[in-house]
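Inspection log for the structure reproduced underneath, given as structure tokens.
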Amino acid sequence: MGSIVQVTDLVKRFGDFTAVDGVSFSIEEGEVFGLLGPNGAGKTTTISTISCLLSPDGGDVVVGGHSVSGAAMAVKRELGVVPQEIALYPTLSAAENLAFWGRMYGLAGADLASAVDDALALAGLEDRSKERVEKYSGGMKRRINIAAGVLHRPKVLLMDEPTVGIDPQSRNHILQTVKDLNAGGMTVLYTSHYMEEVEFLCDRIAIMDHGKIIAMGTLNELREVVGGMDVIDVKVENVSDPVLEQVRAIPGVSQANRTDSALQVLTPGSGAVLGKLVATLESEGSHVTSITVTEPNLESVFLHLTGKSLRD
Amino acid sequence: MHTLFVIAGKDAKVIMRDRAALLVMLAMPLALIFILGSALGSIGQGDSLDIDVAIVNMDTGDTGQRFVEGLTGSKEIEALFNIDVSDDAEAVRTAVEKGDLTAALIIPPDLSEKIAAGEPVGLEVLQDPGSKIAGGIWASVVRAGVANASAQIIAVHTLQEELAGAGAQPPASPGAAPRMPSMTFDAVAVREIEAQVDKRISMISYYSAGMTGMFLLFGSMFGAFGFVKERREQTLARMLSTPAGKLSIVGGKAVGVLMIGVGQFAVLLIGTKMLFGVDWGQNLGATVLVGAAEAVAAAGLAMTLAALGKSERSIGGIGPAAIMLFAATGGSMIPTEQLPKFLLPVQVISPVYWTVSGFLDVMRGASVADVLPGVGAVLAIGAVLFAFGTWRLRFE
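Chains as they are written, first to last, in this note's numbering: chain A, 1 to 312; chain B, 1001 to 1396.
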């Protein structure tokens, strides 16, 4: 299968600020491709350019053989878009919302009715289809938000952080939905700053920071960026800047970064570091509550590449 | 074109489910029409029994004077009419034309002379067509006066002939007897003339036109609210990611406001007719044309408000201010002739002015052709507002 989405040297500026700075990647047909990065990395700008909401200032995006610069309408017909916000009409019912978005893609009559039914089934909300969306829970709204993006059965589905602010149950439902859609042949571009979601869903992943792709590959390929390092996650209270500097100075510590009440340390050999790490923290009054040693994940890859956490 | 109507239908449905919008667009105008129309109703009512009339006696002889005395000297007539005796026929005609007088009697200069010569002569009764009943009563009174005068003349004439036959001198009688003409008042015709004046409109009808003219524009505010809300909640961005062009989206939003306006107008038209008995005139087509034109202007105004307002809050400030200005200068609140003259030039850019004028004209009997210039003006204003709004509209 060939590339269905080809992004080449994409540049997008807002005044003096360059939100996307020379981004290139391609997505194969039938693939789930992840864009991972912290807030402000340029993920939404990239996805907005692919969906023709923004015009590129440089480079090009080609979807299904059509360029966003010359054939935006043809590109839009190939795409389904699930925006980060719940872009629905609260006073309309779920069925009315879905019917509206279906009509916007040219569906009508029996095809529209069938597509609405399928979308409601996908969201698991057949029995509440006539209720106004404003009465739904956040998770239910998210599910209808996704259903509205896929009911016209697009070739490529763009999903921009579709699980923000929802409960774990709804998140699991959404992740499984993405899996199912992909299993049905739909190509998916999925952006998130939750590494677990990207690890779970994506065949290939591009990590973005400051408008650039800093790493790209399969999960295993990205893990290799960190090499044979171990990741030590320390649950700890009161890690001040001087303490963090002391941790970074411990022999064998490649990188260390603080997130909320946790400390993540990259090291080639955890055995040689653990004792000194705990001693340093305790001596400086930082109370350690738990320590976990794991294989590298996307968080540690990001930490390794940027020196900061995905959630920074 | 398909997506345009899809968007318009969705917008109309969304606004119809907005209780605040329905309150402002339907309940408020009906309530204001009722309150203002009821409070000020007596000002415009034509058929009261306190009937203002005038008599102009231009007769150079005595007959006219006797006739005037006959009318003004009756207590029964006095109870019905406020009679003003004037010698300025033009001023009286103008007063009837303006509706300041319900009716008038004009006695011609040659009444006595014509009666004496046995020639036909006419008394002119002017009536305000907006006060047909009161005017008709006045005409009846004049006719009765003519008949009474005829009877007196016949009686005196008969007496004169009998006395002459007996060789006696005719008695000196008060009034016309000494110079009584040789004929009766039969040759005197009472010509009832409807003054060429506008049909008078009751206050409830006036405010039905005025408030409808004003509140049809409020649909624009909710249309603009909808656009800004869609921009904020990203449904507009989602629309832009579909194969719908920007022109279809803007057109759909405008047509949605237009649909709401037409529906709102239908409800107000039927509501005021059924609830308050408002007479919108005999030409429904002309009335609908005037209302539909303003719905178009409302659609244009919606685009301008959406372009100028960054948020619902700012539109909530700009929108009512603009609409109230249009309404105040357009005659929604008080008749435009009572406005200060410096405001009059502003009227021409107020769609409310043309709309209210159009409604009132149709109430007075205007045809479709008569309202076309005003309809054209409203459509032109709407087109300018739409073009400006579309030019300045921000989608992101």
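C-beta: ideal position from N, C-alpha, C; glycine also. Bear in mind the structure is a predicted one, so any value in this text is a computation, not a measurement.
query, result
"Local Cβ density within 10 Å of L1275 (chain B), reported as buried at 16 or more and exposed below that", "exposed"
"Assigned secondary structure, N97 (chain A) (DSSP; H/G/I helix, E/B strand, else coil)", "helix"
"Contact with chain B by S300 (chain A), beta-carbon distance below 9 Å", "no"
"6 Å CB neighbourhood of L151 (chain A) in its chain, flanking five on each side removed", "L98, G102, A115, A119"
"Chain A contact for R1392 (chain B) (CB, 9 Å cutoff)", "no"
"CB contact flag (V247 (chain A), L266 (chain A), <9 Å)", "no"
"Beta-carbon neighbours of R77 (chain A), restricted to chain B and to distances below 7 Å", "P1243"
"T44 (chain A) classed as buried or exposed, judged by whether at least 16 other C-beta atoms fall within 10 angstroms", "buried"
"Beta bridge counterpart(s) of L79 (chain A) as assigned by DSSP", "A:V156"
"The region 134-149 of chain A contacting the region 81-93 of chain A, beta-carbon criterion three pairs below 8 Å", "yes"
"Touch test, the region 1113-1125 of chain B against the region 1068-1086 of chain B, Cβ-Cβ under 8 Å, three pairs minimum", "no"
"Cross-strand partners of F33 (chain A) (DSSP beta bridge)", "A:L189, A:R204"
"Residues that R1093 (chain B) contacts on chain A, provided the C-beta gap is smaller than 8 Å", "Chain A residues near R1093 (chain B): none, gap ~60 Å exceeds 8 Å."
"Three-state class that DSSP yields for G1046 (chain B) in the structure shown", "Any reading at G1046 (chain B) is ruled out, since the residue's pLDDT is 40, under 50, leaving its predicted position unreliable."
"Cross-strand partners of V293 (chain A) (DSSP beta bridge)", "A:I232"
"Proximity of T1355 (chain B) and L1344 (chain B) at Cβ, strictly below 9 Å", "no"
"C-beta neighbour in chain B for I86 (chain A), strict 9 Å", "yes"
"R41 (chain A) classed as buried or exposed, judged by whether at least 16 other C-beta atoms fall within 10 angstroms", "This sequence places Ala at residue 41 (chain A); Arg is not what is there. Its Cβ being crowded by 16 or more others within 10 Å, A41 (chain A) is buried."
"C-beta neighbour in chain A for V1255 (chain B), strict 9 Å", "no"
"Length of the line joining the Cα atoms of M1259 (chain B) and A1299 (chain B)", "9 Å"
"Straight-line Cα distance separating S1038 (chain B) from A94 (chain A)", "46 Å"
"V1006 (chain B) to V1368 (chain B) span [Cα, whole Å]", "32 Å"
"Cutoff 9 Å: Y89 (chain A) Cβ touching any chain B Cβ", "yes"
"Contacts that R103 (chain A) makes with chain B (C-beta to C-beta distance below 7 Å)", "V1006"
"Chain B within 9 Å of L181 (chain A), Cβ atoms only", "no"
"Chain B contact for P56 (chain A) (CB, 9 Å cutoff)", "no"
"Cβ neighbours of S1042 (chain B) in the same chain (closer than 7 Å, five flanking residues each side left out)", "Because S1042 (chain B) sits at a pLDDT of 43, beneath the cut-off of 50, its placement in the model cannot be relied upon, and the point is left open."
"Cutoff 7 Å; reference A1012 (chain B); Cβ partners in own chain excluding five residues on either side", "G1256, M1259, I1260"
"Sub-9 Å separation of L1268 (chain B) and S1208 (chain B) beta-carbons", "yes"
"F14 (chain A) (DSSP reduced to helix, strand or coil)", "strand"
"Minimum Cβ-Cβ distance from K1010 (chain B) to chain A less than 9 Å", "yes"
"Contact between the region 1303-1321 of chain B and the region 1217-1226 of chain B (3+ Cβ pairs under 8 Å)", "yes"
"Among A:E28, A:T18, A:F33, A:V61, the one whose alpha carbon lies nearest that of T8 (chain A)", "A:V61"
"Close-in-space but distant-in-sequence residues of the same chain around A1095 (chain B) (CB under 6 Å, 5 per side omitted)", "L1101"
"Close Cβ partners of G1382 (chain B) (< 6 Å) along its chain, the five nearest in sequence each way excluded", "V1296, A1297, G1300"
"Where F100 (chain A) meets chain B, residues with beta-carbon distance less than 8 Å", "V1006, K1010"
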